[in-house]
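Notes follow the structure.
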Amino acid sequence: MTCTEFLALLDDLIDDSVSAETRAELQTHLSGCDHCKVTLDTTRKTIEIYRSHEIYDLPTGLRERLHAAIMARCKKGC
Amino acid sequence: MATIQPIAGELEPHPDVALVARVREGDVSAYDALVRKYERQVFRIAQHITQNREDAEDVMQDAFLKAYEKLDQFQGNSKFYTWLVRIAVNESLMRLRKRRTGKMVSIDEDIETDEGSVPRDLADWAPDPEQNYNQAELAEILRKTIQGLPQGFRIVFVLRDVEGLSTEETATTLGLSIPAVKSRLLRARLQLRERLSRYFRRKRGVEK
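Same order as they appear, the protein sequences are chains A and B.
For the first sequence, our numbering begins at 19 and goes up steadily by one.
For the second sequence, our numbering begins at 52 and goes up steadily by one.
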């Protein structure tokens, strides 16, 4: 397997949607290729960091304003 | 390093089904529960697309109001959450169009780039690199980095990787083909990885 072929399957590997056979081929490539190992590890880390850190805080009072708007709409016709 | 598991699909009836049924019967408190459950996600999506806090606040309010008003049109053959996300994405794009006064805004723009299709910066990262920054610094780095992605990549990454939609749900929500979602996701992930390497790469001799 070449690095280009590995890269084409990178997302499927990360998303755990490869067959056992393909996974074994990917693992074999990884064991001999630091280049692709770094790419895989840091790409996984990239996703994990974005998933686990809230980068936009919900403004305070927004929920209350929304609730008031829904109640106002509701009074008109629900 | 922990393996990132895809978010599993539900096998039992989703708890939202009961909440939606209660709202349809006129129970507004059930809608409050849905708002509380998804307000952060809707706000984040709006903020990622509009890149403007005021717009994101307006979008969040409009999206939840619209979802409330249109609840009768919700078929129940998709999840309430993905239906809501679609409304939020559309409201966000409409808001962008308004701000850009008539200039067409689409999720197809600005994606003619080869950046990131082949990894160039192959320096490994420090272990737990985020610990070299405090919360505010890290949030700023993550914001700046993702804001620099082309819009069409950013939305796919946010829906798929941050908000946990499946590839199919992301494709339906954005009106894209599944191969288009997959290709954008790969390039978004690689571009973000490359850009974050500037901050997170292992520093020789000065490891904290």
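The beta-carbon is built from N, C-alpha and C at its ideal position, and this holds for glycine as well.
Note that the structure is a prediction, hence the values are computed from the model and not measured.
1. When the distance is taken between beta carbons, is E219(B) closer than 8 angstroms to I206(B)?
2. Give the range of the alpha helix (DSSP H) segment to which D29(A) is assigned.
3. Helix, strand or coil, according to DSSP, for R151(B) in the structure here?
4. Buried or exposed, going by whether 16 or more other CB atoms sit within 10 Å of the CB of D212(B)?
5. Taking a Cβ distance cut-off of 7 angstroms, strictly less, list which residues of the stretch 43-57 of chain A are near chain B, in chain order.
6. Check whether the stretch 133-152 of chain B touches the stretch 229-242 of chain B, counting contact only when three or more Cβ pairs, one atom from each stretch, lie closer than 8 angstroms.
7. Would you please state the rounded distance, in angstroms, between the beta carbons of Y89(B) and Y132(B)? I believe it to be under 8 angstroms.
8. For the alpha helix (DSSP H) containing T223(B), list its first residue and its last residue.
9. Any contact between the stretch 85-102 of chain B and the stretch 72-80 of chain A? By contact I mean 3 or more CB pairs, one from each, below 8 angstroms.
10. Do you know how far the Cα of E142(B) is from the Cα of V68(B)?
11. For D161(B), is the classification buried or exposed, using 16 other Cβ atoms within 10 angstroms of its Cβ as the cut-off for buried?
12. Determine, using beta carbons only, whether L84(A) and M111(B) come nearer to each other than 8 angstroms.
13. Distance, Cα to Cα, V74(B) vs F125(B)?
14. Could you name the residues of chain B that R69(A) contacts, counting a contact when the two beta carbons are closer than 9 angstroms?
15. Closest to I67(A) by C-alpha separation, out of P178(B), V140(B), L85(B) and K254(B), would be which residue?
16. Does R253(B) come out as helix, strand or coil in the three-state DSSP assignment?
17. Against K233(B), what residues of chain E qualify as contacts under a CB-to-CB distance less than 7 angstroms, listed in chain order?
18. Measure the alpha-carbon distance for A84(B) versus D106(B) and round it to whole angstroms.
19. Among all the DSSP beta bridges, which residues are the ones paired with W176(B)?
20. Please list, in chain order, the chain A residues whose beta carbon lies closer than 9 angstroms to that of W134(B).
So, to answer that:
1. Mapped onto the second sequence, residue 206(B) falls at position 155. Mapped onto the second sequence, residue 219(B) falls at position 168. No. Outside cutoff.
2. Translated into the one-based positions of the first sequence, residue 29(A) becomes position 11. L28 to I32 is the extent of the alpha helix (DSSP H) around D29(A).
3. By 1-based counting over the second sequence, the position of residue 151(B) is 100. Reduced to three states, the DSSP call for R151(B) is coil.
4. Taking the second sequence and counting its residues from 1, one reaches residue 212(B) at position 161. Buried, because 16 or more other Cβ atoms sit within 10 Å of the Cβ of D212(B).
5. H53, V56 and T57
6. no
7. On the second sequence, position 38 is the one that residue 89(B) refers to. On the second sequence, position 81 is the one that residue 132(B) refers to. That pair is a contact at about 6 angstroms.
8. Along the second sequence, read from residue 1 onward, the residue named residue 223(B) stands at position 172. Residues T218 to L225.
9. yes
10. Position 17 of the second sequence, counted from the first residue, corresponds to residue 68(B). Position 91 of the second sequence, counted from the first residue, corresponds to residue 142(B). For V68(B) and E142(B), the distance between alpha carbons rounds to 24 angstroms.
11. Here residue 161(B) refers to the residue found at position 110 when the second sequence is read from its first residue. Reliability fails at D161(B), whose pLDDT of 48 lies under 50, so the model's placement of it is uncertain and no value is given.
12. By one-based count along the first sequence, residue 84(A) stands at place 66. By one-based count along the second sequence, residue 111(B) stands at place 60. Result yes, Cβ atoms of L84(A) and M111(B) sit closer than 8 angstroms.
13. Looking up residue 74(B) in the second sequence gives position 23. Looking up residue 125(B) in the second sequence gives position 74. Between V74(B) and F125(B), the C-alpha separation is close to 12 angstroms.
14. Residue numbering aside, residue 69(A) sits at position 51 when the first sequence is read from its first letter. Correct list: I55, D212, V213 and G215.
15. For the purposes of this step, residue 67(A) is identified with residue 49 of the first sequence, where counting begins at 1. When only C-alpha atoms are compared, the closest one is P178(B).
16. Along the second sequence, read from residue 1 onward, the residue named residue 253(B) stands at position 202. Of the three classes helix, strand and coil, the one that applies to R253(B) here is coil, per DSSP.
17. The structure shown has no chain E; the protein chains it does contain are A and B.
18. Along the second sequence, read from residue 1 onward, the residue named residue 84(B) stands at position 33. Along the second sequence, read from residue 1 onward, the residue named residue 106(B) stands at position 55. If you take the alpha carbons of A84(B) and D106(B), they lie about 23 angstroms apart.
19. Position 125 of the second sequence, counted from the start, is the residue given in the question as residue 176(B). Its beta-bridge partners are R252(B).
20. Walking along the second sequence from the start, residue 134(B) turns up at place 83. Under the 9 angstroms cutoff, chain A gives no residues; its nearest Cβ is about 17 angstroms from W134(B).
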